[in-house]
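A.B. asks:
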Ligand SMILES: [Zn+2]
Ligand SMILES: [Zn+2]
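Numbering (the numbering used here), first residue to last: 44 to 358.
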C-alpha cells in the first residue's frame, strides 16, 4: 500500500519483494500497527521527501533467512558519528532515516530493515499484540520518562499510546488522569477500565493538580489547558511529531517553574527498556485488525476517533 501524493489514500501496488543490502534483513511482515504520524505524512504535515513511499513504522515480522521474529521501529538508521549519536541522543541525529518516511515501511508483505535498529520481540506477545508497542509504546515510554517521578500524570488524548502507558503507570503506582474530547464517554470509560484514576473531557479540571501531563492529541490549545491543570514545578510533554499552533497564554500559568517540552523519535535504548518492561506489566494492547488492502480504512478510523486502542494491518 503505497503513498504517492499528499491528500490521497494509499494505493495498492504489486511490486517485487525488496532486496536486502549489506547489514539488512528481509522481513516478512506479520503485522504493522497504524500511527497518527502516518496521517501527518499523508496530509503533508510531515514531509516525505522522496515519494512514492510505503508507510508503516511499527512492524513485527519474520526474518526470511533465519525465521527469527523482529520488530522494526520508526528509527531506521543514524550516522553514528554526529554529536547527538555520540552522546546517547541518536533520536536527534540530523541525518537519521525513519521507517515509513525515508525507508519503505510495513504496509506491505515484505520490508527490508537495518539489523542494528531491529528489536527482538518478547515471546509472550503475538505479532498483532506486539506491533503497537513499537511506536505507541516506545515513544510513549520516552514521553513518560520525561515526566520524571511525577505521581499524578494527565494524558491528553486517549488513543493507542495512552492506552498502553496507562497500564505501565498503574503498574508503577502512578495515577493517570485521562482527558478526552468533551463528551466522549466511551473513551473515558475505556480509560477507567484500563486503570485511569479519573477520566473526563479536556474542558474539565482534574480533581487534583497534576505533576506532569503528556499531550498525545495533535491539538495546540491542549498545551495551555494542561499548564492550567499543573502544580508548580510540573512539566507538559508534547509527544507527537506535529501539533496545531499553540495559542498565546498568560505567563502566570507557566510561572513557578512549570515547563513545556517535546519528545522526538526514540533511541534504541528506549526500545530495549520498554520491550523488557512490557511483558512484566504485562502490557496488553487492545487491537483492531485490518487486511493489508484495507489499510486506508484503518487510517480513516484512526482519523475519525473510532478506535479504542490501536489499529493493526495484517498482510
Ligand atoms: Zn508512530
Ligand atoms: Zn547522528
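No residue lacks a Cβ here, since even glycine has one placed at the ideal position from N, Cα and C.
With distances taken between CB atoms, is the gap from residue 91 to residue 140 smaller than 8 Å?
C.D. replies: Cβ distance not < 8 Å, so residue 91 and residue 140 don't count as in contact.
A.B. asks: State the Cα-Cα distance for the pair residue 7 and residue 346, rounded to the nearest angstrom.
C.D. replies: Absent from the structure is residue 7, since the part of the chain shown begins at 44 and ends at 358.
A.B. asks: Quick one: give me the first and last residue of the alpha helix (DSSP H) that residue 80 is part of.
C.D. replies: Residue 80 -> alpha helix (DSSP H) spans 79-85.
A.B. asks: Let me confirm a value: residue 315 is counted as buried when at least 16 other C-beta atoms fall within 10 Å, else exposed. Which label applies?
C.D. replies: Answer is exposed; the Cβ neighbour count stays below 16.
A.B. asks: Looking at residue 58 and residue 47, is the spacing between their C-beta atoms short of 8 Å?
C.D. replies: Not in contact: residue 47 and residue 58 (Cβ atoms no closer than 8 Å).
A.B. asks: So is the beta-carbon of residue 80 under 7 Å away from any non-hydrogen atom of ligand 1?
C.D. replies: Yes - ligand 1 has a heavy atom lying nearer than 7 Å to the Cβ of residue 80.
A.B. asks: Going by alpha carbons, who is nearest to residue 221 out of 260, 189, 93, 188?
C.D. replies: Comparing Cα positions, the closest option is 260.
A.B. asks: Going residue by residue through the region 94-155, where are the continuous beta strand (DSSP E) segments of at least 3 residues, counting only ones entirely within it?
C.D. replies: Entirely contained in the region 94-155, the beta strand (DSSP E) runs reaching 3 residues are, in chain order, 102-106, 112-115, 118-120.
A.B. asks: Below 8 Å between beta carbons: does that hold for residue 113 and residue 161?
C.D. replies: Against a cut-off of 8 Å, the Cβ pair of residue 161 and residue 113 comes out as a contact.
A.B. asks: Should the region 251-259 be called in touch with the region 191-198, which here means at least 3 C-beta pairs below 8 Å?
C.D. replies: Verdict: yes, contact present.
A.B. asks: In chain order, what are the residues with a CB under 7 Å from some non-hydrogen atom of ligand 2?
C.D. replies: Listed along the chain, these residues meet the criterion: 121, 122, 123, 124, 125, 127, 128, 133, 136, 137, 138, 139.
A.B. asks: Leaving out five residues on either side along the sequence, give the residues of the same chain with a beta carbon under 7 Å from the beta carbon of residue 285.
C.D. replies: The answer, listed in chain order, is 83, 88, 89, 261.
A.B. asks: Which partner residues does residue 46 have in the DSSP bridge list?
C.D. replies: Its beta-bridge partners are 96.
A.B. asks: Does DSSP put residue 75 in a helix, in a strand, or in coil?
C.D. replies: In this structure, residue 75 counts as strand in the three-state DSSP scheme.
A.B. asks: So, with DSSP's three-state summary, where would you put residue 209?
C.D. replies: In this structure, residue 209 counts as helix in the three-state DSSP scheme.
A.B. asks: Could you name the residues of the same chain whose beta carbon sits closer than 6 Å to that of residue 74, not counting the 5 residues immediately before and after it, in chain order?
C.D. replies: Only 103, 170, 171, 174, 355, 357 meet the Cβ criterion.
A.B. asks: For residue 306 and residue 187, I'd like the C-alpha separation in whole angstroms.
C.D. replies: Each residue's Cα considered, the two are about 10 Å apart.
A.B. asks: Expressed to the nearest angstrom, what Euclidean distance is found between the alpha-carbon atoms of residue 277 and residue 300?
C.D. replies: Distance between the alpha carbons of residue 277 and residue 300: 7 Å.
A.B. asks: Got a sec: does ligand 1 put a non-hydrogen atom nearer than 7 Å to the Cβ of residue 100?
C.D. replies: Yes, since a heavy atom of ligand 1 falls inside the 7 Å radius drawn around the Cβ of residue 100.
A.B. asks: Does DSSP put residue 168 in a helix, in a strand, or in coil?
C.D. replies: Note: residue 168 maps to coil in three-state DSSP.
A.B. asks: Closer than 7 Å: is that where the CB of residue 178 sits relative to any heavy atom of ligand 1?
C.D. replies: Yes, ligand 1 has a heavy atom inside 7 Å of this Cβ.
A.B. asks: Would you check if there are 3 or more beta carbon pairs closer than 8 Å linking the region 318-326 to the region 203-218?
C.D. replies: Yes: the two stretches touch, three or more of their Cβ pairs being nearer than 8 Å.
A.B. asks: With respect to 7 Å, is the separation between the Cβ of residue 117 and the closest non-hydrogen atom of ligand 1 below this value?
C.D. replies: Result yes, Cβ under 7 Å from ligand 1.
A.B. asks: Does the Cβ of residue 100 have 16 or more other Cβ atoms within 10 Å, making it buried, or fewer, making it exposed?
C.D. replies: Residue 100 comes out buried.
A.B. asks: Starting from residue 275, follow the beta strand (DSSP E) in both directions and report where the run begins and ends.
C.D. replies: It spans 273-281 - the beta strand (DSSP E) in which residue 275 sits, taken as one unbroken run.
A.B. asks: Below 6 Å CB to CB, which residues in the same chain sit around residue 23 once its five sequence neighbours on both sides are set aside?
C.D. replies: One cannot answer for residue 23 here, as it falls past the ends of the chain, which runs 44 to 358.
A.B. asks: When you compare each of 66, 151, 111 to residue 119 by their alpha carbons, which one comes out closest?
C.D. replies: Nearest of 66, 151, 111 to residue 119, Cα basis: 66.
A.B. asks: In its own chain, which residues sit with a C-beta less than 7 Å from the C-beta of residue 269, not counting the 5 before and 5 after it?
C.D. replies: Within the same chain, residue 269 has close Cβ partners 197, 199, 256, 258, 279.
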